[in-house]
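Residue numbers (my numbering), protein chains in the order written: chain A, 13 to 354; chain B, 13 to 354; chain C, 13 to 354; chain D, 13 to 354.
There are 4 protein chains.
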Amino acid sequence: MRVGILTSGGDCPGLNAVIRAAVLTGMVHHGLEFVGIRDGYRGLVEGDVRVLNRSSVRGTSRIGGTILGTSRTNPYEGPNGGAANVAKTLERLGIDAVMAIGGEGTLAAANRLADDGLPVVGVPKTIDNDLDATDYTFGFDTAVQIATEAGDRLRTTGDSHMRCMVLEVMGRHVGWIALHTGIATGAHVTLIPEQPRSIEWICEYVQSVYDRRRAPLVVVSEGFKLEGMDEEYSRKGLDAYNRPRLGGIGEVLAPMIEERTGIESRSTVLGHIQRGGAPSGADRVLATRFGLAAIDAITAKAWGTMVSLRGTEIVRVPMSDALGDLKRVPDHRYREAELLFG
Amino acid sequence: MRVGILTSGGDCPGLNAVIRAAVLTGMVHHGLEFVGIRDGYRGLVEGDVRVLNRSSVRGTSRIGGTILGTSRTNPYEGPNGGAANVAKTLERLGIDAVMAIGGEGTLAAANRLADDGLPVVGVPKTIDNDLDATDYTFGFDTAVQIATEAGDRLRTTGDSHMRCMVLEVMGRHVGWIALHTGIATGAHVTLIPEQPRSIEWICEYVQSVYDRRRAPLVVVSEGFKLEGMDEEYSRKGLDAYNRPRLGGIGEVLAPMIEERTGIESRSTVLGHIQRGGAPSGADRVLATRFGLAAIDAITAKAWGTMVSLRGTEIVRVPMSDALGDLKRVPDHRYREAELLFG
Amino acid sequence: MRVGILTSGGDCPGLNAVIRAAVLTGMVHHGLEFVGIRDGYRGLVEGDVRVLNRSSVRGTSRIGGTILGTSRTNPYEGPNGGAANVAKTLERLGIDAVMAIGGEGTLAAANRLADDGLPVVGVPKTIDNDLDATDYTFGFDTAVQIATEAGDRLRTTGDSHMRCMVLEVMGRHVGWIALHTGIATGAHVTLIPEQPRSIEWICEYVQSVYDRRRAPLVVVSEGFKLEGMDEEYSRKGLDAYNRPRLGGIGEVLAPMIEERTGIESRSTVLGHIQRGGAPSGADRVLATRFGLAAIDAITAKAWGTMVSLRGTEIVRVPMSDALGDLKRVPDHRYREAELLFG
Amino acid sequence: MRVGILTSGGDCPGLNAVIRAAVLTGMVHHGLEFVGIRDGYRGLVEGDVRVLNRSSVRGTSRIGGTILGTSRTNPYEGPNGGAANVAKTLERLGIDAVMAIGGEGTLAAANRLADDGLPVVGVPKTIDNDLDATDYTFGFDTAVQIATEAGDRLRTTGDSHMRCMVLEVMGRHVGWIALHTGIATGAHVTLIPEQPRSIEWICEYVQSVYDRRRAPLVVVSEGFKLEGMDEEYSRKGLDAYNRPRLGGIGEVLAPMIEERTGIESRSTVLGHIQRGGAPSGADRVLATRFGLAAIDAITAKAWGTMVSLRGTEIVRVPMSDALGDLKRVPDHRYREAELLFG
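Below is the structure:
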């Protein structure tokens, strides 16, 4: 039995640990063969693969990114796309099962391929923690850790200059990274997409912290929207020439806070360093367990399912479970953080 | 209402984050007053406390250890011990509720005090992850992360010299830290107290790795026992003069492996660095949530209960839930790791 | 004898280690008393000080920022400024010597005060490594380390997506942080203020790396200027509406590279996290040695001098040595890096 | 021209950065070919080599250890040893120059080979910083950083339990790692081989710190010797049965301190984690510069020389400069540290 593995969508620390665990256990304990499908669904559609063996995956669990490359190709598009074409490609390459590792888009395509009769299982990946079908996925913990260390650093420089520091973290649609980073760094305000707030509301906290002679720290998701402002403004803000500009929300907030409170403010946009580099120990464990469980799903021919963390256990659920709404930060979790604001 | 907080037993990254969250939310949102009880139950029995306010806990969530000190005193021992004496002390100090943060011993005493009518709630703490009443507690994630980074470092020096590296991590009775560290570092063998193994079994893996021209990495819990050897020998081994010695199991294993396989072997005993220093982001989040929930338990007068993580939520359970058997590594979790041995 | 210590200008990891070493050795071995002057020269001019003792500095060598606060006030400006007024303030506060820790501006003012007869010694501080009078100062090593770790992270995500990653680091006038970060991360091009280059020159390297199927990494100082473009354009670039915008040079370069090469490009601006947080071990050692040597300078009444690193030794030099030209990256050091470009 | 590179002796973070820089610049800018000599002089004597090209060294500057392997073989020993045999081997393999990277033993052999007419240049490597011919070498900075982070961690757990923590770091003959780690962590006593002290002297500091209600931190080199005790005892100490035991000096000191002062004491022996893992940014820069300069030495046919750091510059010196006395910690540097003891 020959298994093809692909990683699709944005990269995430832990992808290689999934691949490594799957390949090692599959080869040693189930006699499977493996190929890596290059650059996600692009490689699947174009039949671009390479053999994976023990030495391909050696030492990779502690390396960020994906050794297989990734893309945002949709396997139902293009001249070679569609289930029928993919089926032919798989047959030609002798691939009997596909392990698709990715987020909602990846899993939606994987689920459709499975519905169309192809032998596909899924592994959920989302650095933003926005998939509802699993308690957590790998990558999120690493991102929070990196953002936490950055926030710790910002606090000491903020304190020295009595500045308001604004830290923008990932999270276009959901606020999980900001929520956990805000709690971990002791942020005075945390702003997430699920909870629009006005600039006045924000400045009130900032001012009260400053009045206690503390340097305010604001953690904000990239997808946070300022209440009472049209979305484009909120996203773009105004530059020094009073024209809409293209910076992130952190770069918008800092000058607005400074203008309204008179408190010197600086923003830092963490960006891609949140998704690169060595995965945390916890993420390597979770990714490894997902890889092992995905091999079980393959040997059980449980097409259309994906692996999932529930409490402390790895279970198997329909891929469709991951395809409804995003997992947003619920109100009670935001209120937890809010208890410590100011 | 005045709340006394104590930390008891071995220290653990995250203790200060519990204290900080409890004090901040209790003061700001519930009008509570706080005192810190010094050195665990010693301070409770002796009435040794100090006022805790906002500035006492400022910036402490990212600092390891406990700002309150800790000890292993049993509140039922000594001339001032026992529930009746403690009740008098609490009355004298005007303390209306006690938050006891600690492991099994601490919680057992806290539960007994609650049974004896005292207003006590618990917060579970175990760096070893050996408490059954909660999915995880704070400190464990940090310990795994530190051990994982150490293991990563050992691998490169092992590879350079083609040595077998033995990494001894904490875990006197349970193997959780070793299990997760072994998976995260890609250890070739992981040895835990729950699964005694013979030296021959271990050496077989070590040799097979070496034969593939890889430097073997062995991760071992301090409480692992070699099968087929009396316990004292297993614990103490023999020194160069053929007498029992007092080193950890890692220091015992390395020369045994070297003697049997001829492969140069070195051991590293991580020791106390696993429990000190800044908590990981994840541990700060969990500890903060525990602190908030413990204040809820106090305002609800839910004496005799403790906070607990179940899946992604914090719940309240009877403290007695934590007092039965230790949470050992179940067989299926060890088998997961075993799939990747060799 | 009573010593006042001030920190002035941008903060820098290691400031507290200087203060701690000075206070501890001064108190214990020379019977000195200490006050901390708040917020740099602002506190000096306004007479805003607080007593420093052993407990004020306890545990601070590993904490970033400055416990004294900082500002960019010039002691020769304002109604209470000028040497005569400062002399009166010092007399009123009983301060017999001032230790001024800061960069070129700070040391220029300190030197002028010393020339005007005040008892001032200097400690050089520059995170950018732009002071000529010392081999290195504290803070620089930490900044390079943080930027190196960020660059390592960017590489794995760049490799996964085959993107060109642009990392902007500090260095408004000199390229030392970029030079060392570029070497340490194995950047394919490093761009510094001392060496203007054209966008075509940059893209040639980027393209050649991409053609070898590697993801290009570009490290750039914030003060780098694109050759053949007017400075404002170079600094501001054009936004999506073809108007000058205010992003850093990294945010300017990435879209220019993408436009010219067709290679997807992303920028990360590290910003303030480079100057916050725990100092590296090396910076703590250097800062501590500076603090000890500054006390020697004070007890020797060597007013107008500053401490300096020469090779492995700390020496004393005239403060005026630090006030000429900035220490720029010499050509031969840039050529070193250039040997590894592409 | 074909260059063989070997790494010999204990491994050290930065070795791969030397190799990478040499190979890249040598291939691209000088048209050189490269082979890696396996396992130090063993590979030289046995003619065990492999081709090194761009892809062999890709991404290795941030990886610890040595991709070439290492050993402690002496090239003048064994049936194929000696200059004449080695010369034949080099000729047979078409190797025109050898770059030997290592410590005193390695450089002594390299120098002898050069004296015997072989085309050899050296690159100094010593994690202990004990080579006199260079200000610093790579690896030392990383080791100090790792030990500093460990010391930071030990402080918080020490403070929580009011224990004396003893941290043993590397340094069999010289105390540089301990000296810098002690300064960086704010140790209350630092003990180095160059400065024997009595247990009473040590305990006096420990007691005075404890009396101020601080948890004492002792940093000790593995090669420190207790004054007034015969060396074997000092090295081995007594175990719980009053017999000489084999633990490191840290494991000897902790119980002696506890016995004499009554203060609970714990030791941590850092061991091999100090020499493994990713090099610090500073070490990668230094190693890279050494690699570049070594290629210059080779193209200049400067046989018998080695590269060296002097201040901020890389220079070329006779290898014999490294072969006299070890570079010990001078008295004035130890006195610096001593000023902050207690």
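Glycine is no exception: its CB is placed at the ideal position from the N, C-alpha and C atoms.
Predicted model only: the values in this text are computed from it and were never measured.
Beta carbon proximity, residue i to chain D, threshold 8 Å
i, result
"Val218/C", "no"
"Asn254/C", "Its pLDDT being 47, under 50, Asn254/C is placed unreliably in this model, and the coordinates cannot settle the point."
"Asp127/C", "no"
"Ile285/B", "yes"
Closest by C-alpha distance to residue i, when choosing among the options
i, options, result
"Gly354/C", "Ile310/C, Gly52/C, Leu229/C", "Leu229/C"
"Thr85/B", "Val110/B, Asp51/B, Leu102/B, Thr101/B", "Asp51/B"
"Glu263/C", "Glu271/C, Leu27/C, Val281/C", "Val281/C"
"Gly76/A", "Phe150/A, Gly170/A, Asn65/A, Thr168/A", "Phe150/A"
"Val15/C", "His42/C, Val40/C, Asp60/C, Met111/C", "Met111/C"
"Leu27/D", "Pro205/D, Lys339/D, Val135/D, His185/D", "Val135/D"
"Val327/A", "Val201/A, Ile307/A, Gly55/A", "Ile307/A"
"Gly336/C", "Asn97/C, Ser210/C, Gly117/C", "Gly117/C"
"Met13/D", "Ile310/D, Glu212/D, Gly129/D, Gln286/D", "Ile310/D"
"Arg165/B", "Glu325/D, Thr82/D, His284/D", "His284/D"
Close-in-space but distant-in-sequence residues of the same chain around residue i (CB under 7 Å, 5 per side omitted)
i, result
"Leu321/A", "Thr146, Asp147, Tyr148, Leu298"
"Gly260/A", "Glu180, Glu234, Val281"
"Ala314/A", "Val133, Arg328"
"Leu125/D", "Pro87, Ala95, Val98, Val132"
Short CB-CB distance (under 8 Å) between residue i and chain B
i, result
"Arg257/A", "Confidence at Arg257/A is low in this model, with a pLDDT of 47, below 50, so its placement is unreliable and the value that follows should be read with caution. For Arg257/A, the answer is no, since every Cβ of chain B falls outside 8 Å of its Cβ."
"Tyr88/A", "no"
"Leu265/A", "no"
"Gly76/D", "yes"
"Ser246/A", "With a pLDDT of 49 at Ser246/A, under the threshold of 50, the modelled position of this residue cannot be trusted, and the question is left open."
"Thr160/A", "yes"
"Gly16/D", "no"
Contact set for residue i: own chain, Cβ-Cβ below 6 Å, skip 5 residues either direction
i, result
"Gln219/C", "Thr273"
"Arg32/C", "Val69, Thr72, Ser73"
"Gly303/A", "Val30, Ala33, Ala34"
"Ala199/A", "Leu229, Val231"
"Asp171/B", "Ala227"
"Ser277/A", "Cys176, Ala266, Ile269, Glu270"
Residue i at chain C interface by Cβ criterion, 8 Å
i, result
"Val231/A", "no"
"Met39/A", "no"
"Ser172/A", "yes"
"His185/D", "no"
"Val297/D", "yes"
Chain A contact for residue i (CB, 8 Å cutoff)
i, result
"Thr101/B", "no"
"Thr202/B", "no"
"Ala33/B", "yes"
"Asp343/B", "no"
"Leu238/B", "no"
"Ser20/C", "no"
Cβ shell of residue i (< 8 Å), same chain only, five flanking positions each side left out
i, result
"Gly323/C", "Asp147"
"Ile189/B", "Ile139, Asp140, Asn141, Phe152, Ala155, Val156, Ala159, Val181, Met182, Gly183, Ser233, Gln286"
Worksheet item: With contact counted as at least three CB pairs below 8 Å, one residue from each stretch, are the segment 217-231 of chain B and the segment 173-185 of chain B in contact?
Response: Contact annotation: the segment 217-231 of chain B touches the segment 173-185 of chain B, with at least three C-beta pairs closer than 8 Å.
Practice prompt. Count the CB pairs spanning the segment 101-112 of chain B and the segment 65-72 of chain B that are closer than 8 Å, and state whether there are at least three.
Written response: no
Discussion item. Restricting to runs no shorter than 4 residues, where is the alpha helix (DSSP H) found entirely within the segment 260-316 of chain A?
Written reply: The qualifying runs are 261-273, 293-311.
Worksheet entry | Sequence ranges, alpha helix (DSSP H) only - wholly within the segment 15-102 of chain D, length at least 4 | 27-42, 53-58, 66-69
Worksheet item: Touching or not, the segment 285-297 of chain C and the segment 157-165 of chain C, by the rule of three or more beta carbon pairs under 8 Å?
Response: yes
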